[in-house]
Amino acid sequence: MDDPNNLLISNIPVECPDEFVKDWIEARGYRTYGVRLIRDRVSETSPSFAYIQLMEPSRLDEAARALDGQTLWGVTIEVRRVVPLSSVGRSVAS
Numbered sequence: 028m029d030d031p032n033n034l035l036i037s038n039i040p041v042e043c044p045d046e047f048v049k050d051w052i053e054a055r056g057y058r059t060y061g062v063r064l065i066r067d068r069v070s071e072t073s074p075s076f077a078y079i080q081l082m083e084p085s086r087l088d089e090a091a092r093a094l095d096g097q098t099l100w101g102v103t104i105e106v107r108r109v110v111p112l113s114s115v116g117r118s119v120a121s
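Whatever position you read off the sequence shown (first residue = 1), add 27 for the working numbering.
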């Protein structure tokens, strides 16, 4: 999910359903293709982050600025644009 056309939202409350997050974002004017909360396969709980794909990739930076620091279910969330691992410039020791 290192797609640069996604947003990464962290600090999402564990009990928060995917659909609520999607509706919350869309209520703020950002149409989404989808929201994917990352869940533990055993416990089915979220470790507090999600990937969001917007219908308008040109608005990713705007959305990240507008949503970052907002409150979702009483918790302040962090929103960042996804940075692909290929652009991080990691070096591998041989």
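All C-beta atoms, glycine included, are put in the ideal place defined by N, C-alpha and C.
Report task. Go to residue 62, then tell me how far its beta strand (DSSP E) extends in each direction, as first and last residue. Result -> By one-based count along the sequence shown, residue 62 stands at place 35. From DSSP, the beta strand (DSSP E) with residue 62 extends over 59 to 64.
Report task. Name the residue from 101, 90 and 103 whose alpha carbon lies nearest to the alpha carbon of residue 32. Result -> On the sequence shown, residue 32 is found 5 positions in, with the first residue counted as 1. It is 90.
Query raised in the report: In angstroms, rounded to a whole number, what distance separates the CA positions of residue 46 and residue 60?
Result: One-based indexing of the sequence shown puts residue 46 at position 19. One-based indexing of the sequence shown puts residue 60 at position 33. Those two C-alpha atoms are separated by around 12 Å.
Report task. Tell me whether the beta-carbon of residue 108 lies closer than 9 Å to the beta-carbon of residue 94. Result -> Residue numbering aside, residue 108 sits at position 81 when the sequence shown is read from its first letter. Residue numbering aside, residue 94 sits at position 67 when the sequence shown is read from its first letter. Contact flag unset, no.
Report task. Have a look at 66, 65, 48 and 44 and flag the residue whose alpha-carbon is nearest the alpha-carbon of residue 58. Result -> The count along the sequence shown starts at 1 and reaches residue 58 at position 31. Checking every option, the nearest Cα to that of residue 58 belongs to 48.
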